[in-house]
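Residue 359, in full-length UniProt numbering, is where the sequence shown stops; the numbers in between run on with no holes. By construction, the Cβ of each residue, glycine as well, lies at the ideal position given by its N, Cα and C atoms. These numbers come from a predicted model, not from an experiment.
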Amino acid sequence: MTASTGRGLLHLAAALDLPGAYDPQPYTELVRLAERGALDFVTLGDSFGRPGPDALAVLARLAPVTGRVGLVPTVTTTHTEPFHLQAAVATLDWVSRGRAGWQAEVSQGEHEARLFGRRDAAPPEALWREAADVAEAATRLWDSWEDDAEIRDTSTGRFIDRDKLHYVDFQGATFSVKGPSIVPRSPQGHPVIVVDATDPHARDTAARYADVALVRAVGPAQSAALRTGLRTAAAAHGRDPDTLRVLAALAVDLGEGEYAAEPGHGGGGPRPSPYGPLYRGGPVDLAELIAAWHSSGAADGFHLTPVEPRRDLERLVNGTVPLLQHRGLFRTFYPGSTLREHLGLARPANRYALVGDPS
């Protein structure tokens with residue numbers, strides 16, 4: 001099934017953001033609801049500049065109470081040690097048995113830089129170049145253990161085949177890492193990388209490293225142009241563009257229940273808003289919008305941010321999703337167990353096992 005045709009099964013994801021929530025129960029309820037709707041994955045935003053629990057820790061807590069839905073926390077590359085970042089994301093992949101992703105983000109605020117006191121805030125183009133270096137280092141470290149590096153032979157006392165561990169020796173513009181990782185290669189090989197490509201400075205990083213790119217557009221033509229640009233850039237970097245899923249990011253306000261979308265929100269909508277592109281109306285017209293954009297090749301799917309988390313996610317899962325399933329556009333069950341399988345992406349081969357250690 002080829003995503004580039006725009007005629008395969010679409011992909012759906014949702015944000016779990018719950019400002020002010022510190023107890024695990026509301027997050028548990030929402031992630032189980034998303035899994036009941038067979039969504040590809042959920043995201044949980046995070047930054048250094050706002051209060052709230054650590055997104056990666058929250059999703060690690062939710063991994064044992066779910067079995068199929070993908071779990072994608074935002075983890076900021078700025079002011080963060082790349083070695084520790086990749087190890088934490090790989091650990092989430094182990095804890096979730098192959099359902100982890102990582103939404104890469106940068107920290108542009110001077111107030112966030114002061115929390116660390118190591119350097120001043122940098123311009124966005126420099127931060128996204130650094131994010132690309134972090135993604136490169138992470139993928140190398142995820143490959144630094146071959147899949148069968150663990151021996152676990154109690155009779156000889158050998159735990160690791162040292163010939164199957166590889167030093168990375170990566171030198172970026174602002175950091176260097178050596179490796180190997182302290183975490184064995186995880187179930188997916190590489191946890192899924194998600195990049196919000198709304199910022200033009202983020203698009204090259206998305207084209208080079210993202211498995212999923214998010215785009216914010218107020219109409220299918222704009223979304224299609226962004227998707228085409230990202231796929232073209234991915235090909236220019238030597239990637240198969242069919243290994244990149246481009247999802248339209250859309251805030252949804254389903255408070256109108258079964259009522260039709262407000263003028264401008266349905267059909268070719270949505271409207272600009274402080275949330276980004278916003279659809280306001282009922283789940284039926286939302287299903288029509290999703291189906292129309294997807295069938296035209298404007299996007300491989302949608303990442304939906306509920307304006308009212310519990311209400312809107314419930315109406316999405318109980319209303320919009322069944323309509324899309326009835327039309328044969330969205331899965332009725334998870335055919336696989338990993339996030340890569342949900343997205344139709346192959347497990348990456350280990351670069352060192354194929355060609356030997358380049359260092």
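- For residue 30, the enclosing alpha helix (DSSP H) covers residues 24 to 36.
- For the 8 Å CB-CB criterion, residue 58 and residue 44 form a contact.
- 8 Å or more divides the Cβ of residue 165 from the Cβ of residue 187.
- Take residue 108, set aside five residues on each side of it, and the residues of its chain with a beta-carbon closer than 7 Å to its own are 121, 124, 127, in chain order.
- With contacts defined by Cβ atoms closer than 8 Å, residue 42 and residue 76 do not form a contacting pair.
- Proximity of the region 135 to 151 to the region 187 to 200 meets the contact definition, three or more beta-carbon pairs being nearer than 8 Å.
- Counting only runs of at least 3 residues, the region 202 to 271 fully encloses the following beta strand (DSSP E) elements, listed from N- to C-terminal order: 212 to 215, 245 to 253.
- Just so you know, the alpha carbons of residue 243 and residue 294 end up roughly 17 Å apart.
- The residue among 253, 146, 272 with its C-alpha nearest the C-alpha of residue 161 is 146.
- Here DSSP, grouped into helix, strand and coil, assigns residue 184 to coil.
- Just so you know, the alpha carbons of residue 56 and residue 91 end up roughly 10 Å apart.
- For residue 324, the three-state secondary structure derived from DSSP is helix.
- By the Cβ-count criterion, residue 298 is buried, with 16 or more other Cβ atoms from all chains shown falling within 10 Å of its own Cβ.
- No residue range can be given for residue 308, since it is assigned to no alpha helix (DSSP H) and is classified by DSSP as neither H nor E.
- In this chain, the alpha helix (DSSP H) harbouring residue 139 covers 124 to 142.
- Here residue 102 is near residue 72, since their CB atoms are less than 8 Å apart.
- Between the C-alpha atoms of residue 315 and residue 158 there is a straight-line separation of about 53 Å.
- With 16 or more other Cβ atoms from the protein chains shown falling within 10 Å of its own Cβ, residue 33 counts as buried.
- Contact annotation: residue 339 and residue 104 have beta-carbon atoms that are not nearer than 8 Å.
- Per the DSSP secondary-structure output, residue 301 pairs in a beta bridge with 11, 247.
- The C-beta of residue 342 has 16 or more other C-beta atoms within 10 Å across all chains shown, which makes the residue buried.
- Taking the C-beta atoms as reference points, residue 14 is found nearer than 8 Å to residue 304.
- By the Cβ neighbour-count rule, residue 208 is buried, with 16 or more other Cβ atoms within 10 Å of its own.
- Following the DSSP letters along the chain, one finds residue 153 inside the beta strand (DSSP E) bounded by residues 150 to 153.
- Around the Cβ of residue 280, a 10 Å sphere holds 16 or more other Cβ atoms; the residue is buried.
- Its chain contains 161, 164 as the residues whose beta carbon lies nearer than 8 Å to that of residue 148, once the 5 sequence neighbours on both sides are disregarded; these appear in chain order.
- In the three-state DSSP reduction, residue 114 falls in the helix class (H, G or I).
- Nearest Cα to residue 183 within the set 87, 221, 322: 87.
- Closest by C-alpha distance to residue 95, out of 282, 111, 63, 18, is 63.
- If you look at residue 91, you'll find it in the alpha helix (DSSP H) that goes 82 to 95.
- Per DSSP, residue 283 is one residue of the alpha helix (DSSP H) stretching across 283 to 295.
- Here residue 139 is buried: its Cβ has 16 or more other Cβ atoms, across all protein chains shown, within 10 Å.
- Counting along the chain, residue 280 sits inside the beta strand (DSSP E) bounded by residues 278 to 280.
- Ranked by Cα distance from residue 276, the first of 171, 89, 307 is 307.
- Looking at the backbone, the Cα of residue 301 and that of residue 252 are separated by about 15 Å.
- Residue 101 carries a strand assignment under DSSP once its states are collapsed to helix, strand and coil.
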